[in-house]
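Numbering (the numbering used here), first residue to last: 31 to 498. Ideal Cβ positions, reconstructed from N, Cα and C, are used throughout, including at glycine. Here the structure is a predicted model, which means the values were calculated and not measured. Inspection log for the structure reproduced underneath, given as structure tokens.
As structure tokens, this is what we get:
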């Protein structure tokens with residue numbers, strides 16, 4: 031991977047912020063080609079990340095240089111919006127450094143590598159970023175680099191918590207299935223015999239490396255995975271400051287989370303009383319009303335349409351003209367999610383539909399597990415998920431993001447998770463407050479159940495990471 035010239039990271043006291051942003055984005059796009067493609071930038075689509083230890087160490091040094099260069103831009107010479115963006119950029123650069131030096135997912139989490147591979151390969155098959163032959167060439171190039179990336183993973187991941195290893199193995203197994211089964215399907219219409227041969231050869235190289243890495247995780251890493259996943263109070267609070275701009279002590283944040291949890295519990299009991307006097311019975315009845323497996327995807331699509339129609343008719347928020355959202359079953363490599371949204375990036379110049387994935391039952395599961403999975407995707411819960419992922423949640427927010435002019439506020443590299451997920455969380459409640467399916471307490475119960483789950487995770491997450 032070609033590195034940018036070091037002189038581009040020198041201090042520029044009078045440098046315009048826009049110039050800094052342009053050069054910094056070019057740098058991170060080269061360092062992280064998978065995330066660049068997700069942003070809608072395809073300059074490096076034939077590459078995988080270099081995550082060797084020397085490359086990570088170099089990245090740490092270079093990010094320090096970028097932070098110092100940004101500090102050299104005088105905030106008094108900036109507009110109020112630029113001053114805000116400068117602060118945001120500084121936090122995100124230092125947050126990136128913090129992730130590499132302190133959180134160290136590249137050393138502690140096998141999923142770090144599985145996610146990069148999955149997103150990098152899947153993006154080229156799910157979205158028509160280019161014509162089929164060009165995408166086949168890119169995928170062949172990426173597959174050829176899989177052994178190198180997994181060799182870095184093998185060298186780097188030395189202190190993984192057991193849970194991280196378990197999830198990592200499952201994700202790599204799903205990725206193996208994707209390369210063996212789904213990639214050939216994605217390129218079945220390819221007529222170039224040379225490219226088909228390249229894909230076949232590089233797929234064998236990649237799957238051999240994946241099998242070897244899965245065996246390594248299972249036989250060598252898992253038996254000695256005794257590390258703790260805890261960040262500790264100091265790291266937890268620093269991560270919130272840098273990633274989310276949240277300067278609150280963990281104890282105060284925990285108090286807020288508990289207060290919100292108790293309020294949601296009270297509201298859940300109140301709404302449940304409209305269905306049945308006992309909240310547990312009301313929730314059981316609500317969960318028992320769910321689509322059959324052969325109707326699940328169709329029902330998810332109908333809910334998306336109903337929500338878009340509601341927003342438009344009520345004129346709650348502008349729905350920009352868009353290509354659409356395709357509702358599909360979740361690919362095997364991503365089945366650890368109940369549902370997810372894949373969207374072309376905000377800088378994408380080709381008009382492409384988004385993909386809303388919903389995880390259906392696996393026929394290989396036991397009958398009991400299939401039934402429980404469907405109860406988790408009741409009509410009420412599915413409605414909240416559709417509001418969260420599509421309308422007016424992530425998809426609609428992403429469509430408005432395309433109109434943002436500022437590159438640093440447009441790019442996903444600098445987005446705070448709390449803002450993105452906070453909007454989607456709010457969206458679930460807002461559509462019901464505005465009258466969607468008014469008179470159906472089960473939908474409100476589904477929304478509250480999703481909120482309770484997140485609030486409980488917040489309480490547990492804070493305590494697990496900060497308490498001894």
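Check, Outcome
"Assess contact between the stretch 223-239 and the stretch 94-102, defined as three or more Cβ pairs (one per stretch) separated by less than 8 Å. Is contact present?", "no"
"DSSP on residue 366, reduced to helix/strand/coil?", "coil"
"At which residues does the beta strand (DSSP E) containing residue 386 begin and terminate?", "384-388"
"What are the boundary residues of the alpha helix (DSSP H) that includes residue 260?", "No alpha helix (DSSP H) holds residue 260; DSSP gives it neither H nor E."
"I need the DSSP call for residue 276, collapsed to helix, strand or coil.", "coil"
"Which term fits residue 224, buried or exposed, when burial requires 16 or more other beta carbons within 10 angstroms of its beta carbon?", "exposed"
"At 4 residues or longer, what runs of the alpha helix (DSSP H) sit wholly inside the stretch 300-366?", "309-318 and 326-344"
"I need the straight-line Cα distance from residue 323 to residue 154, nearest angstrom please.", "28 Å"
"Terminal residues of the continuous alpha helix (DSSP H) containing residue 159?", "Neither: residue 159 is in no alpha helix (DSSP H) and is coded neither H nor E."
"Do residue 140 and residue 198 have their CB atoms nearer than 8 Å?", "yes"
"May I have the straight-line CA-CA distance separating residue 65 from residue 262, to the nearest angstrom?", "28 Å"
"Between the C-alpha atoms of residue 313 and residue 142, what's the straight-line distance to the nearest angstrom?", "36 Å"
"What does DSSP give as the partner residues of residue 412 in its beta bridges?", "Answer by DSSP bridge pairing: none, since residue 412 is not bridged."
"Residue 121 lies in the alpha helix (DSSP H); which residues open and close that run?", "110-128"
"Relative to the alpha-carbon of residue 374, which residue among 185, 159 and 434 has its alpha-carbon at the smallest distance?", "159"
"Quick check on residue 372: does DSSP put it in helix, strand or coil?", "strand"
"Which of helix, strand or coil does DSSP assign to residue 37?", "Only weak support exists for where residue 37 lies, its pLDDT of 42 falling under 50; the coordinates are left without a value."
"Comparing C-alpha positions only, which one of 157, 164, 233 and 354 sits nearest to residue 70?", "157"
"What are the start and end residues of the alpha helix (DSSP H) that includes residue 133?", "Looking at the DSSP string, residue 133 is not in any alpha helix (DSSP H), and its letter there is neither H nor E."
"Tell me the rounded alpha-carbon separation between residue 409 and residue 189.", "42 Å"
"So what does residue 191 bridge to, in DSSP terms?", "256"
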